[in-house]
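Visitor: Numbering (the numbering used here), first residue to last: -8 to 344.
Mind looking over this structure? Questions follow.
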Ligand SMILES: [Fe+2]
């Protein structure tokens, strides 16, 4: 019996010879499994609320640095695999998360691929990502875009490990059998600082020479954390105490989300703040950039500290709490809202209880 009171027929009710004949034709009746594909009221979710603690993963990532040279890895990444999605190495049904390490003097060679990737910088100084000839410094909390089809390579000329969280839309691209990669020769980046330091220095200002021309898809590759953090603090100072302090990363020429499939945004939780979010049709992942706290997702409570990564499924009830009564906490949120909005099925549900 399903939500309509209607009882759908089962496979067992059908004559075995009929089922056999269908099977031989690579066909099957829909009605016995219809509610698995399109259930009433809420999707079937295999993604579980889950947290990956940096204190546990960092030593394993450093061990990978000892065990596997860059030539054997191409990208030295530990994939964060949701226990509900095994064997797929995805953090949620829509988000791939991987922790990537490069060591001093190493280079992750130039390539491009059909899935888009975004780097959320976790630790280290002196690393750079070069995207289509634009060299972007990697500083803690920075968000750096390497969109689909754009050449990118990573280099580390500093000291100590350089670690970041990769966020890819691979769970969307791989099942569509459209995921592939092309190797390139090393790029020759210019000496010019990246566009966040030159052409797109402040929101509300764009280069005059672009007026009247079609907007660029990715005019800004790097969103420096130092500026995002300051903007969140300024927003909090001007907002009512009940208002959310939440900023989205957007294309400065269009105001639209910075990437086509995955959305990126930064949240500040005021000291002691507890915030309940409306349930949304997108799955969600978080990187704790600064501070400590607790997040409850569909009844599962997870306490987090700096650099921890945690996720929840689509349609989840989410509540964040800053664990400090003195200091703000900062999260970067990732979700597949942009894709869902384009496809016309993004929803937010009112908080009702
Ligand atoms: Fe890549």
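Note that the Cβ used here is the ideal one computed from N, Cα and C, for glycine as well.
Predicted model, so just to flag it, every value in this text is computed and none were measured.
Assess, as a yes-or-no matter, whether the segment 51 to 70 is touched by the segment 226 to 237 under the definition of 3 or more beta carbon pairs within less than 8 Å.
Guide: no
Visitor: To the nearest angstrom, how far is the alpha carbon of residue 178 from that of residue 321?
Guide: 34 Å
Visitor: What residue from 291, 101 and 26 has the CA that sits closest to residue 173's CA?
Guide: 101
Visitor: On the CB-based measure, 16 or more other CB atoms within 10 Å of its CB, does residue 111 come out buried or exposed?
Guide: Per the 10 Å Cβ criterion, buried.
Visitor: Anyone know if the C-beta pair for residue 346 and residue 109 falls short of 9 Å?
Guide: Limits of the chain in this structure are -8 at one end and 344 at the other, which puts residue 346 out of reach.
Visitor: What are the boundary residues of the beta strand (DSSP E) that residue 250 is part of?
Guide: The continuous stretches of beta strand (DSSP E) do not include residue 250, and DSSP gives it neither H nor E.
Visitor: Could you compute how far the alpha carbon of residue 82 sits from the alpha carbon of residue 276?
Guide: Taking the straight line joining both Cα atoms gives about 8 Å.
Visitor: Quick one, which of 37, 242 and 284 has its alpha-carbon nearest residue 205's?
Guide: That would be 242, whose Cα lies nearest to the Cα of residue 205.
Visitor: Excluding the 5 residues preceding and the 5 following residue 165 in the sequence, name in chain order all residues of the same chain whose CB lies nearer than 8 Å to its CB.
Guide: 106
Visitor: Specify, as a first and last residue, the run of the alpha helix (DSSP H) that residue 163 falls within.
Guide: 161 to 164
Visitor: Taking all protein chains shown into account, decide if residue 268 is buried (16 or more other Cβ within 10 angstroms of its Cβ) or exposed.
Guide: buried
Visitor: Which whole runs of the alpha helix (DSSP H) in the segment 198 to 241 are 4 residues long or more, in chain order?
Guide: 216 to 229
Visitor: Bridge partners of residue 128, per DSSP?
Guide: 119
Visitor: Would you mind listing the beta strand (DSSP E) stretches within the segment 268 to 311 that are 3+ residues and don't spill past its ends, in chain order?
Guide: Runs of beta strand (DSSP E) with 3 or more residues, each lying fully within the segment 268 to 311, are found at 275 to 281, 284 to 288, 291 to 295 and 300 to 303, listed in chain order.
Visitor: At a cut-off of 8 Å, would you count residue 212 as near ligand 1, judging by its Cβ distance to the nearest heavy atom?
Guide: no
Visitor: Excluding the five sequence neighbours on either side, which residues of its own chain have a C-beta within less than 7 Å of the C-beta of residue 317, listed in chain order?
Guide: The residues are 262.
Visitor: What are the start and end residues of each continuous alpha helix (DSSP H) run of 4 or more residues lying completely inside the segment -2 to 52, in chain order?
Guide: 7 to 15 and 25 to 28
Visitor: Applying the criterion that 16 or more other CB atoms from any shown protein chain within 10 Å of the CB defines a buried residue, is residue 193 buried or exposed?
Guide: exposed
Visitor: Mind checking whether residue 219 and residue 238 have CB atoms under 9 Å apart?
Guide: yes
Visitor: Would you mind giving the Cβ-Cβ distance between residue 325 and residue 211, rounded to the nearest angstrom? I have them listed as a contact below 8 Å.
Guide: Going by Cβ atoms, the distance from residue 325 to residue 211 rounds to 18 Å, so no, they are not a contact pair.
Visitor: Would you kindly work out how many angstroms separate the C-alpha atoms of residue 17 and residue 80, rounded to a whole number?
Guide: 29 Å
Visitor: What does DSSP give as the partner residues of residue 89 in its beta bridges?
Guide: 70 and 157
Visitor: Using alpha carbons as the reference points, say which of 301, 122, 331 and 233 lies closest to residue 72.
Guide: 301
Visitor: Does the separation of the CB atoms of residue 89 and residue 36 fall below 9 Å?
Guide: no
Visitor: Regarding residue 126 and ligand 2, is the C-beta to nearest heavy atom distance less than 8 Å?
Guide: Judged by which ligands are present, ligand 2 is missing from the structure shown, whose ligands are ligand 1.
Visitor: Taking C-alpha atoms, which residue in 209, 334, 66 and 124 lies nearest to residue 142?
Guide: 124
Visitor: Skipping 5 residues on each side, what residues in its chain have a beta carbon closer than 7 Å to that of residue 41?
Guide: 73, 74, 301 and 302
Visitor: From residue 24 to residue 323, what distance separates their C-alpha atoms?
Guide: So the alpha carbons of these two residues sit roughly 38 Å apart.
Visitor: Go through its chain and collect everything with a Cβ distance to residue -1's Cβ below 8 Å, but skip five positions before and after it.
Guide: -7, 22, 23, 25 and 26
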